[in-house]
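Chemist: One structure coming up, written as structure tokens, with questions to follow.
Numbering (this note's numbering), first residue to last: 86 to 638.
Right, here's the structure in full:
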């Protein structure tokens with residue numbers, strides 16, 4: 086056993102020592118594990134090897150203890166959310182996470198500068214969706230997780246990046262039964278995927294709650310929605326249940342570790358708090374339903390303030406998924422109503438997005454440098470592990486500056502331009518696959534929509550999400566596309582909603598990333614009901630004055 090492992094085990098052991106309320110004496114809660122006994126023997130042997138202690142006879146000394154973490158349960162005193170006029174939307178993203186709130190009585194947006202509060206380089210509103218456990222047993226979050234991982238030169242170490250992918254692409258199962266592999270968790274303290282996702286959501290919750298309270302004077306305990314991709318029905322049912330449970334637990338953990346995130350949190354304390362929360366009721370009154378990301382993005386982009394009956398394709402390009410949503414919006418300013426109809430078979434999510442671009446860039450760098458292909462080759466393992474930690478930063482630099490220069494773990498260097506990247510077969514294939522998905526949605530809807538609405542009016546395409554400005558994505562909003570024997574003209578919708586251009590230009594730069602969180606917090610959020618399968622079905626829909634409603638059969 087090494088010193089680091091022994092220290093972590095002893096800290097875990099000490100955390101289970103409690104003072105008896107009746108006798109005032111110290112006692113151990115639960116049995117001693119074989120690993121803990123080994124760590125005690127190791128510690129004694131280490132002390133005896135030290136010259137200063139060699140003449141001390143064997144004896145048992147009383148142990149001191151650090152106080153146990155006391156979880157904070159203020160949120161459990163609530164029967165309903167405080168500050169009912171404020172709605173918060175949590176956009177738990179694959180690469181970056183955001184949040185936004187709106188006060189319904191005034192329509193005032195309450196910006197939540199999570200990135201600035203968390204010390205994220207170059208980001209005001211978004212924080213990286215990353216966690217990292219250091220070799221000395223501290224769990225770091227967001228930008229700190231990235232920074233710590235880049236300083237760790239231990240071969241094979243990994244961050245827990247893109248935790249949302251466990252919900253989007255992982256096996257539908259109990260995340261609480263899925264242990265974290267040793268490359269991510271080098272400590273003997275057991276942690277599961279659900280544990281780490283819950284801890285990240287607690288970090289995000291505390292940032293958002295603190296911004297609401299300290300910046301805007303609102304309560305920490307407001308109702309919150311959460312954005313989700315366009316999963317199929319089975320995954321939606323499972324993932325929404327998991328997210329509701331984790332977000333409710335996250336509020337207790339956020340209150341408990343409030344303000345302690347910057348330096349990382351000891352994994353023994355993490356384990357202790359997670360175990361305590363499992364035995365508590367949860368503040369479920371704070372958690373509303375999930376909102377499909379294209380629906381949330383559409384809420385702030387399709388209203389024109391003039392009469393219209395226009396089809397829209399909303400495309401939300403995140404890191405893990407690209408979500409397509411096909412709608413028809415009918416607006417009648419004279420009668421003060423707006424209706425938006427989801428076209429039957431017109432919503433789909435595909436698992437090709439920003440992370441696909443990461444993979445293409447990663448494989449091109451590997452190819453250029455002739456990195457050994459053997460899976461067990463130690464040189465390859467070291468280079469690939471280090472490259473995996475840096476690839477997202479390299480991608481962002483590539484598209485921000487038009488070129489990226491990189492250094493591999495073996496000190497070899499290289500560079501790549503955007504033009505070179507766009508010419509790669511993998512990049513071209515990615516573009517072609519997105520175009521095929523676009524066309525397949527049009528091919529799948531009832532022909533009456535194509536004939537009566539989409540072909541005559543043309544299709545307005547709204548690109549949103551962190552990948553909306555990628556050069557291989559922008560062609561989705563341009564030119565003709567053929568479907569069901571009709572040529573359809575595509576035109577790109579406005580880059581910004583009118584209300585941002587006129588009154589809130591501070592959101593301009595990061596609006597593509599904030600669109601989902603903004604729309605999800607809207608008091609007039611479209612309500613998605615059953616889809617309208619045929620164009621003729623519009624005649625039977627009920628008008629809901631003054632609100633944008635997604636209506637259906």
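Yeah, the Cβ is synthetic: ideal placement off N, Cα and C, and Gly gets one too.
Could you give the first and the last residue of the continuous beta strand (DSSP E) run that contains residue 567?
Modeler: 565-568
Chemist: Would a C-beta distance cut-off of 7 angstroms place residue 253 and residue 608 closer than the cut-off?
Modeler: no
Chemist: From the DSSP output, in three-state form, read off residue 146 for me.
Modeler: Only weak support exists for where residue 146 lies, its pLDDT of 36 falling under 50; the value from the coordinates is given anyway. In the structure shown, residue 146 sits in coil (DSSP, three-state: anything other than H, G, I, E or B).
Chemist: Between residue 600 and residue 200, what straight-line distance do the alpha-carbon atoms span, to the nearest angstrom?
Modeler: When the Cα atoms are used, residue 600 and residue 200 turn out to be separated by approximately 16 angstroms.
Chemist: Looking at residue 210 and residue 603, is the spacing between their C-beta atoms short of 7 angstroms?
Modeler: Taking a C-beta distance under 7 angstroms as the contact criterion, residue 603 and residue 210 do not qualify as a contact pair.
Chemist: Closest to residue 453 by C-alpha separation, out of 434, 440, 491 and 428, would be which residue?
Modeler: When each option's Cα is compared against that of residue 453, the closest is 491.
Chemist: Taking all protein chains shown into account, decide if residue 647 is buried (16 or more other Cβ within 10 angstroms of its Cβ) or exposed.
Modeler: Lying outside 86 to 638, the shown extent of the chain, residue 647 is not represented and no answer is given.
Chemist: With 16 other CB atoms within 10 Å as the buried threshold, where does residue 554 fall?
Modeler: Counting C-beta atoms within 10 angstroms of its own C-beta, residue 554 has fewer than 16 neighbours from the protein chains shown and is therefore classed as exposed.
Chemist: Here's the rule: buried if 16 or more other CB atoms are within 10 angstroms of the residue's CB, otherwise exposed. What is residue 504?
Modeler: exposed
Chemist: With a threshold of 16 other CB atoms inside 10 Å of the CB of residue 113, please say whether the residue is buried or exposed.
Modeler: Taking all protein chains in view, the Cβ of residue 113 is surrounded by fewer than 16 other Cβ atoms within 10 Å, so the residue is classified as exposed.
Chemist: I need the straight-line Cα distance from residue 559 to residue 517, nearest angstrom please.
Modeler: 12 angstroms
Chemist: Within 10 angstroms of the Cβ of residue 366, are there 16 or more other Cβ atoms? Answer buried if so, exposed if not.
Modeler: exposed
Chemist: Are residue 430 and residue 337 close, meaning C-beta to C-beta below 7 angstroms?
Modeler: Between residue 430 and residue 337, the C-beta spacing is not below 7 angstroms.
Chemist: Along the chain, where does the alpha helix (DSSP H) that runs through residue 185 open and close?
Modeler: Premise fails: residue 185 lies in the beta strand (DSSP E), 181-188, not in any alpha helix (DSSP H).
Chemist: In the DSSP assignment, find the beta strand (DSSP E) that holds residue 322 and state where it starts and stops.
Modeler: No beta strand (DSSP E) holds residue 322; the alpha helix (DSSP H) holding it covers 318-341.
Chemist: How would you call residue 257, buried or exposed, if buried means at least 16 neighbouring beta carbons within 10 angstroms?
Modeler: Its Cβ having fewer than 16 others within 10 Å, residue 257 is exposed.
Chemist: If you count every other CB in all the chains shown that lies within 10 Å of the CB of residue 565, and 16 or more means buried, which is it?
Modeler: exposed
Chemist: Where do the N-terminal and C-terminal ends of the beta strand (DSSP E) with residue 499 fall, by residue?
Modeler: 498-502
Chemist: Could you give the distance in angstroms between the alpha-carbon of residue 396 and the alpha-carbon of residue 412?
Modeler: 6 angstroms
Chemist: Within the chosen definition, does the stretch 472-480 reach the stretch 531-546 through at least 3 CB pairs nearer than 8 angstroms?
Modeler: no
Chemist: If residue 298 and residue 305 are in contact, beta carbons under 8 angstroms, what's the gap, nearest whole angstrom?
Modeler: Yes, residue 298 and residue 305 are in contact; Cβ-Cβ is about 5 angstroms, under 8 angstroms.
Chemist: What residues are listed by DSSP as bridge partners for residue 225?
Modeler: Residue 225 pairs with 217.
Chemist: Helix, strand or coil for residue 275 per DSSP?
Modeler: coil
Chemist: Tell me, to the nearest whole angstrom, how far the beta carbon of residue 227 is from that of residue 203; I am working on the premise that it is less than 8 angstroms.
Modeler: 5 angstroms
Chemist: Quick check: the Cα distance between residue 248 and residue 582, rounded to an integer number of angstroms?
Modeler: 30 angstroms
Chemist: Reducing DSSP to helix, strand and coil, say where residue 555 ends up.
Modeler: DSSP places residue 555 in coil when its eight states are reduced to three.
Chemist: Can you tell me whether DSSP reads residue 591 as helix, strand or coil?
Modeler: helix
Chemist: Assign residue 659 to one of three DSSP states: helix, strand, or coil.
Modeler: Only positions 86 to 638 of the chain appear in the structure, and residue 659 is not among them; the question remains open.
Chemist: Just to confirm the assignment, what range does the beta strand (DSSP E) spanning residue 352 have?
Modeler: That residue, residue 352, is in no beta strand (DSSP E); its alpha helix (DSSP H) goes 352-363.
Chemist: Using the beta-carbon count (16 or more within 10 Å), is residue 194 buried or exposed?
Modeler: buried
Chemist: So the candidates are 250, 573 and 532; which of them puts its Cα closest to the Cα of residue 545?
Modeler: 573
Chemist: With the cut-off set at 7 angstroms, would you say residue 341 and residue 157 are in Cβ contact?
Modeler: yes
Chemist: Shorter than 7 angstroms from the beta carbon of residue 598 to some beta carbon of chain D?
Modeler: In the structure shown, chain D does not exist; there is a single protein chain.
Chemist: Taking just the CA atoms, how far does residue 523 sit from residue 178?
Modeler: Spanning the two alpha carbons is a distance of roughly 23 angstroms.
Chemist: When we look at the beta-carbon of residue 469 and count the other beta-carbons within 10 Å, is it buried (16 or more) or exposed?
Modeler: buried
Chemist: Quick one, are the C-beta atoms of residue 84 and residue 432 less than 7 angstroms apart?
Modeler: The structure shown does not extend to residue 84, since the chain spans only 86 to 638, so no value can be given for it.
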